[in-house]
Amino acid sequence: MYGVETCVHPEHQSRGVGSRLMNARFDLVRRLNLRGIIAGSLFMDYHKVADQLTPEQYVREVARGLRYDSNLTKQLHKGFRVLNLIPNYTTDPRTLNWAAAIVWDNPDWQAPKAHGRIIPGRFNAA
């Protein structure tokens, strides 16, 4: 599943709304037996240290737990991992237009059972 950015209105932040939205995504992925979620994650606090760190350095520190980011840290704590960085993802000055591609692997995913005949050498992923 591809997750588009979701955000909570400032008047309703810190009330668990974002967590409930993310948990609903996790539940849907499990119910549909999807492999997981890939999404773009804005690292909202990057602008505070952009003069000191590259986006790669910043995200690496956040991923290692050495630095807190008000958005990316929460997603990492939910079980996401950073796949790569995405330049020009948005026009948000807090992120300097960067985002991280993040992935959550569904721990309950089960490969579908094969139906029909498999033709060797055709349609098989390399």
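In our numbering, the protein residues as written are 11 to 136.
Glycine included, every Cβ here is placed at the ideal spot set by N, Cα and C.
With contacts defined by Cβ atoms closer than 8 Å, glycine 46 and valine 39 form a contacting pair.
Judged by pairs of C-beta atoms under 8 Å, the stretch 26–38 does not touch the stretch 57–72, as fewer than three such pairs exist. In terms of CA proximity to asparagine 107, Ala60 leads the group Gln85, Ala60 and Asn33. For valine 113, the enclosing beta strand (DSSP E) stretches over residues 109–115. Listed in chain order, the non-local C-beta contacts of valine 18 below 6 Å within the same chain comprise Val27 and Gly28, local neighbours out to five positions each way being set aside. Contact between leucine 31 and valine 69 fails: their C-beta atoms lie close to 23 Å from each other, not under 8 Å. Distance from the CA atom of threonine 100 to the CA atom of alanine 73, rounded to whole angstroms, is 21 Å. Taking the CA atoms as reference points, arginine 77 sits about 32 Å from tryptophan 119.
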